[in-house]
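See below for the structure under consideration.
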Amino acid sequence: MNDNPNATPEELEAGARQAGGGTAEPITPQTNFPDTVGHVMNTITDEEMDNLFRKAKTAGVTKLLRGKRNDVQAYIETFQSQIEEAINQGYSKEEIKAFILSL
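Each residue of the sequence shown is one higher than the one before, counting from 5 in this note's numbering.
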């Protein structure tokens, strides 16, 4: 994907088939978006929560009286398309959590 960032998913799959010499095994997602967001929210430390809250404020996602936890969840949910893509590619909840924390 990094070699050809403008390729469509179909083109990437065709390239993978050529490189692998056959058909690509379909990936069955092991989770879904709501479960992944819930996992992240239930497993982050206080320090990680504070860091994500600062990022949410910088991104303009926070709202008065909503509370830190809900602001952080709203911030994480802004990455829905990226999280769903990662889920469809077979990434685990922990791998997705690590990605979110690295943003």
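Glycine residues also receive a C-beta, built at the ideal position from the N, C-alpha and C atoms. Keep in mind the model is a prediction, meaning the values are calculated, not measured.
| query | result |
| --- | --- |
| Contact check, S106 vs Q34 under 8 Å by CB: the rounded distance? | That belief does not hold up - the Cβ atoms of S106 and Q34 are roughly 21 Å apart, past 8 Å. |
| State yes or no: is the C-beta of Y79 within less than 8 Å of the C-beta of K101? | no |
| Work out the CA separation of A11 and M5 for me, nearest whole Å. | For M5, the predicted structure reports a pLDDT of 49, less than 50, and the residue's modelled location is therefore unreliable. A value from the coordinates is still provided. Roughly 8 Å separates the two Cα atoms. |
| Using alpha carbons as the reference points, say which of T62, P13, G94, F57 lies closest to Q77. | F57 |
| Is I100 helix, strand or coil when you go by DSSP? | helix |
| Report yes if the CB atom of I87 is closer than 8 Å to the CB atom of F37, and no otherwise. | yes |
| Would you decide whether A63 is buried or exposed? Buried here means 16 or more other CB atoms lie within 10 Å of its CB. | exposed |
| Does the Cβ of D39 have 16 or more other Cβ atoms within 10 Å, making it buried, or fewer, making it exposed? | exposed |
| Ordered along the chain, which non-local residues of its own chain (more than five positions away) have a Cβ less than 7 Å from that of T66? | A60, D75 |
| Taking V44 and E81 to be in contact with their CB atoms under 8 Å, please state how far apart those CB atoms are, rounded to whole angstroms. | The Cβ separation is near 10 Å, so there is no contact. |
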